[in-house]
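Asks: Take this structure, written in structure tokens, and hold onto it; I'll ask about it next.
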Amino acid sequence: TEDELMEKITESTKATIDFFGKNITYVNVMRNMSVDCDCAGTAAAPVVTPNVGILASTDICAIDTACVDLVYAMCEEDHHDLVERIESRHGHRQLSYMHELGMGNNRYILIDLDNNEVRITPKQAVEGVKPFKLIK
């Protein structure tokens, strides 16, 4: 099932983290996001979301939860395709399973480094982001 696939992916990630230890920093670049992955050997689908920014954390569960929350905080037009893909592929199961396996915490604080390190909400973080425009 889709949940089992998400759980196996999460277990593989946990094995890597367990091997390398807790001294890992995670950096997620929310730029040029597409609903598909080019890891399948085919070109990814066109970009469907605005460029949100870069997140960093020492907690994989927190950073991935923050990224998903940022996607959901975008306006419907900007996030529709990506949200549909997340939900149809049971992507939330990875987050809940990470938490169940003790891989991290699903709570986080967003800090805007461009604005005096002020705390912000996901909605504030995506406010004013511009949709990606393909230049031909």
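Position in the sequence shown (first residue = 1) + 1206 = the working numbering. C-beta: ideal position from N, C-alpha, C; glycine also.
Output the distance between the C-alpha atoms of residue 1319 and residue 1330, rounded to the nearest integer angstrom.
Replies: Position 113 of the sequence shown, counted from the start, is the residue given in the question as residue 1319. Position 124 of the sequence shown, counted from the start, is the residue given in the question as residue 1330. Their Cα atoms are separated by approximately 13 Å.
Asks: Over what stretch of residues does the beta strand (DSSP E) that includes residue 1316 continue unbroken?
Replies: Your numbering for residue 1316 matches position 110 in the sequence shown. Its beta strand (DSSP E) spans residues 1316–1318.
Asks: Rounded to whole angstroms, what is the Cα-Cα separation between residue 1327 and residue 1276?
Replies: Walking along the sequence shown from the start, residue 1327 turns up at place 121. Walking along the sequence shown from the start, residue 1276 turns up at place 70. Spanning the two alpha carbons is a distance of roughly 9 Å.
Asks: Once DSSP output is grouped into helix, strand and coil, what is the label at residue 1324?
Replies: On the sequence shown, position 118 is the one that residue 1324 refers to. The answer is strand: DSSP assigns residue 1324 an E or B state.
Asks: Any chance you could list the alpha helix (DSSP H) runs of at least 4 consecutive residues sitting entirely within the segment 1251–1281, in chain order?
Replies: Whole alpha helix (DSSP H) segments, 4+ residues: 1266–1279.
Asks: Measure the beta-carbon distance from residue 1212 to residue 1296 and round it to whole angstroms, keeping in mind my assumption that it falls under 8 Å.
Replies: Translated into the one-based positions of the sequence shown, residue 1212 becomes position 6. Translated into the one-based positions of the sequence shown, residue 1296 becomes position 90. Sure, about 5 Å apart at Cβ, within 8 Å.
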